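In my numbering, the protein residues as written are 870 to 1096.
Encoded as structure tokens, the structure appears first; notes follow it.
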């Protein structure tokens, strides 16, 4: 499989008057970040991690395959994502070093900020077309944080990550990367890797009865100490 790519590049300052950073999510410009995304399955040569976002968590693999740039050693058993049955979107923050929980879906300068995936042998696993993403509150020269989210749309029904999570569809996130708007445009560092999506679950929380017992226990201890 030849290399196509998910391009994430910075165009802040390319248009006079820009006060916020703009990120372009695209599929075909040589020399920029290329992170291929795969379907559910296992992987060798990749890191298995538990990702938590929006009250849900999933266990996925993160790592570049040989068709990503930079090339990695990850081999995924799930096929590369293809077509309108899967979506991708940039999540970001205007604060450097933020965690995944701090990121929010970024909006497009015009149109939708969500992209489908390529359908040819050389474009599967990479987003189709391009979109300008406005990084809210991130001026030129400042550093923000971003990640790429992807999910199964359930046949086009789940148009957002939150909907896919609630419906029990596979989803996932890339590793975190840094966004530094500049003029002229800059390519992002290669710290965002490819990954696979996986079925997640609701983050477990203590049952009300468990919480009540804990409160009773603490109250009993305080009562004994006062006596």
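For each residue, glycine too, the CB sits at the ideal point set by N, CA and C.
Keep in mind that this is a model prediction, so the values were computed, not measured.
Classification of residue i by the beta-carbon crowding that lies within 10 angstroms, buried from 16 upward
i            : result
residue 1027 : buried
residue 956  : buried
residue 931  : buried
residue 998  : exposed
residue 1053 : In this prediction, residue 1053 has a pLDDT of 44, which is less than 50 and means its spatial position is unreliable; what the coordinates show is noted afterwards. Looking at its Cβ environment, which holds fewer than 16 other Cβ atoms inside 10 Å, residue 1053 is exposed.
residue 966  : exposed
residue 958  : buried
residue 1034 : buried
residue 939  : exposed
residue 903  : buried
residue 937  : buried
residue 953  : exposed
residue 905  : buried
residue 1000 : buried
residue 1024 : exposed
Where residue i falls: helix, strand or coil (DSSP)
i            : result
residue 1035 : helix
residue 1030 : helix
residue 1064 : strand
residue 1055 : Any reading at residue 1055 needs caution, since the residue's pLDDT is 48, under 50, leaving its predicted position unreliable; the model's value is listed next. Three-state DSSP puts residue 1055 in a strand.
residue 1044 : coil
residue 1049 : coil
residue 1084 : With a pLDDT of only 40 at residue 1084, under the threshold of 50, the placement of this residue in the model should not be trusted; the figure read from the coordinates follows. Helix.
Bridge partner(s) assigned by DSSP for residue i
i            : result
residue 1017 : 959
residue 917  : 930
residue 1070 : 926
residue 976  : 1003
residue 903  : 938
residue 986  : 952 and 996
Which ranges does the beta strand (DSSP E) cover as unbroken runs of at least 3 residues, wholly within the segment 935 to 970, from first to last along the chain? 952 to 962
Report yes or no: do the segment 937 to 951 and the segment 906 to 915 share at least 3 C-beta pairs separated by less than 8 angstroms? yes
The segment 1064 to 1074 contacting the segment 977 to 993, beta-carbon criterion three pairs below 8 angstroms: no
Please confirm if the segment 966 to 981 is in contact with the segment 1004 to 1016, defined as three or more CB-CB distances below 8 angstroms between the two stretches. yes
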